[in-house]
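Mapping to the numbering used here: the sequence shown position 33 is 590, numbers consecutive.
Ideal Cβ positions, reconstructed from N, Cα and C, are used throughout, including at glycine.
For reference, the structure is listed below as structure tokens.
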Amino acid sequence: EPPPTEQAARPLKPPKPAASDPASIKKRLLAAANAHAERGNAELAGQLKSVLLSLSMGAAPKPQDEALLNKAEAELRR
Numbered sequence: 558e559p560p561p562t563e564q565a566a567r568p569l570k571p572p573k574p575a576a577s578d579p580a581s582i583k584k585r586l587l588a589a590a591n592a593h594a595e596r597g598n599a600e601l602a603g604q605l606k607s608v609l610l611s612l613s614m615g616a617a618p619k620p621q622d623e624a625l626l627n628k629a630e631a632e633l634r635r
């Protein structure tokens, strides 16, 4: 049987990063922390930066980290 062509081996679209992809979470955390800091919500910005720091030091994202991030992003959309 002939080998698959290079085109067939490649997906049509690049896969989206998983929601729990650490790099993606770090970008979202930083954006949310900065946005909340600009709005004067220092406490939430501090919590987000604390999570960002632990992830930057190699910690794996915890479910409560993602829950905090989702809550912070939801508040920004209001």
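Helix, strand or coil at residue i [DSSP, three-state]
i	result
Ala631	helix
Arg596	coil
Ala616	coil
Where residue i falls, given that 16 or more other Cβ within 10 Å makes a residue buried
i	result
Leu610	exposed
Arg635	exposed
Asp578	exposed
Contacting residues, own chain, Cβ-Cβ under 6 Å from residue i (five flanking each side not counted)
i	result
Ala602	Ala590, His593 and Ala594
Lys606	Ala590
Straight-line Cα distance separating residue j from residue i
i	j	result
Ala616	Lys583	11 Å
Met614	Arg596	27 Å
Glu632	Leu625	11 Å
Ala629	Asp622	11 Å
Lys619	Leu612	10 Å
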